[in-house]
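Before any comments, here is the structure.
Numbering (my numbering), first residue to last: 1 to 453.
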């Protein structure tokens, strides 16, 4: 019955431009994630939880700082009707991310005798240099990706995840083999982003349009809501997502953090396969609808419904057999990671929804609401971490509480979003209630039959 329902839902979407365009991007993600499945068991045995935990600390520190560097203007590249104006926004973002990264690097070096912004077994100064490089190159890559989305160059964009996956694996593998494990995962990430940046920039050349200093100043004023709200929201969102990870590392250690991050890394596979591609297309098409004076609510609801339909069974399987899958696939030392993803399986289905439609408030020009939501998300995560980590000192309970908080906040996010559409809230509430209830019941039954968490 469930399979028949899924087939019926997919058949309703397969002829739409949304799905056709999303599939062009999703195809690249599918290939990349197949490659990732082949590569991950190799790297997981070379590096182990300790180095994955340190890479998690690096990534979280990077994301915490990253919220500031482009003034929140990357998503604004899609907004203008003409490419010259979009190119001006691109230039402002590029100048901002480069300048800020240099300032950040300088400050980190100056204060290093007293304060170190990141803890690692690697050389601190080398890690800070790599962090500054990551800030610049990853934001330039994001800007070019957004520009490609603006041009609807979906066939070209499908190569990005494939390039990233292959380059990342090759660099990290070679680094691990020759004895640079402290830097291997970081170098894999940075060099793969450089490869994508070159691939996109050579094709699009977004700087070919001329913008005077006066033009750039006018654009910054015109799109001032993005620095005011989107940048602040990005910063607080980065804190909300990554401060708990850093605190988790300080409370439970890098090995546990490595287990936590590996689960998240692999659970993002189905999310990346479907949601990331749909998210890019949804952002573009919903923006077009609003620019035409139409409502984006129904399109957003359809994307949410499709995501829940497609992701239901894969995440349910993880919610029942996650520990066994991880033990067999990654090695016996990763069984705890499988237990953590069992706990988070429903949360990750909501994460897939969020990845697909998270720009809805940008589309309907309610960036302030995103800021408020992000602040609440941060407070909720810190509360869950305080109770689970500091009061009970229980790592599994901590993950469970954070997962519950995230699910509740995701639901609130969309209730508030649909409130500002003519489509309304009721269809969304009904959809979420049915899918969540069915998922929880089947997961509980499955764990009772095949072995509990």
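Positions of the beta carbon are idealized from the N, C-alpha and C atoms, including for glycine.
| Asked | Found |
| --- | --- |
| Assigned exposure category for residue 292 - 16 Cβ within 10 Å defines buried | exposed |
| Short Cβ contact (7 Å threshold) for residue 73 with residue 226 | yes |
| When 327, 30, 200, 241 are compared against residue 151, the one with the closest alpha-carbon | 200 |
| Span separating the alpha-carbon of residue 396 from that of residue 205 | 48 Å |
| Rounded straight-line distance, which links the Cα of residue 377 to that of residue 409 | 7 Å |
| Nearest candidate by alpha-carbon position, reference residue 283, set 238, 312, 355, 389 | 355 |
| Spatial neighbours of residue 137 in its chain, beta-carbon cut-off 8 Å, leaving aside the 5 residues before and after | 190, 193, 194, 197 |
| Integer Cβ distance of residue 307 from residue 278, believed to fall under 8 Å | 7 Å |
| Nearest to residue 347 (by Cα), restricted to the options 301, 402, 332, 310 | 402 |
| Beta-carbon proximity check, residue 50 vs residue 255, cutoff 7 Å | yes |
| Rounded separation between residue 85 and residue 450 - CA only | 58 Å |
| Bounding residues of the alpha helix (DSSP H) (the contiguous stretch that carries residue 300) | 297-330 |
| Short Cβ contact (7 Å threshold) for residue 87 with residue 209 | yes |
| Host alpha helix (DSSP H) of residue 78 (start-end) | From DSSP, residue 78 is part of no alpha helix (DSSP H); its letter is neither H nor E. |
| Below-7 Å beta-carbon distance, residue 317 vs any chain D residue | This model lacks chain D altogether, as it is built from one protein chain only. |
| Residue environment, residue 103, which counts as buried when at least 16 other CB atoms sit within 10 Å | exposed |
| Start-to-end residues for the alpha helix (DSSP H) that takes in residue 213 | 213-222 |
| For residue 47 and residue 184, believed in contact at Cβ under 8 Å, the rounded distance | 7 Å |
| Through-space distance from residue 97 to residue 238, alpha-carbon basis | 16 Å |
| Contact set for residue 219: own chain, Cβ-Cβ below 7 Å, skip 5 residues either direction | 85, 88, 89, 92 |
| Beta-carbon proximity list for residue 229, same chain, < 7 Å, skipping 5 on both sides | 367, 368, 370, 371 |
| For residue 314, the nearest candidate out of 345, 286, 299 (CA to CA) | 345 |
| Alpha helix (DSSP H) segment containing residue 139, residue limits | 124-150 |
| At least three beta-carbon pairs within less than 8 Å, the region 52-67 to the region 255-269 | yes |
| Touch test, the region 57-70 against the region 27-43, Cβ-Cβ under 8 Å, three pairs minimum | no |
| Classification of residue 424 by the beta-carbon crowding that lies within 10 angstroms, buried from 16 upward | exposed |
| Residue 251 versus residue 242: straight-line alpha-carbon distance, rounded | 14 Å |
| Cβ distance (whole Å) where residue 287 is taken to contact residue 78 below 8 Å | 6 Å |
| Cutoff 8 Å; reference residue 118; Cβ partners in own chain excluding five residues on either side | 57, 58, 61, 124, 127, 128, 131 |
| Chain-order list of residues whose beta-carbon lies under 7 Å from that of residue 159 (same chain, five-residue window excluded) | 28, 199 |
| Residue 161 beta carbon less than 7 Å from that of residue 32 | yes |
| Identity of the residue in 445, 71, 338, 358 nearest residue 303 by Cα | 358 |
| Chain-order list of residues whose beta-carbon lies under 6 Å from that of residue 121 (same chain, five-residue window excluded) | 182 |
| Spatially closest choice to residue 76 from 361, 429, 413, by CA coordinates | 361 |
| For residue 381, the nearest candidate out of 364, 246, 418, 224 (CA to CA) | 246 |
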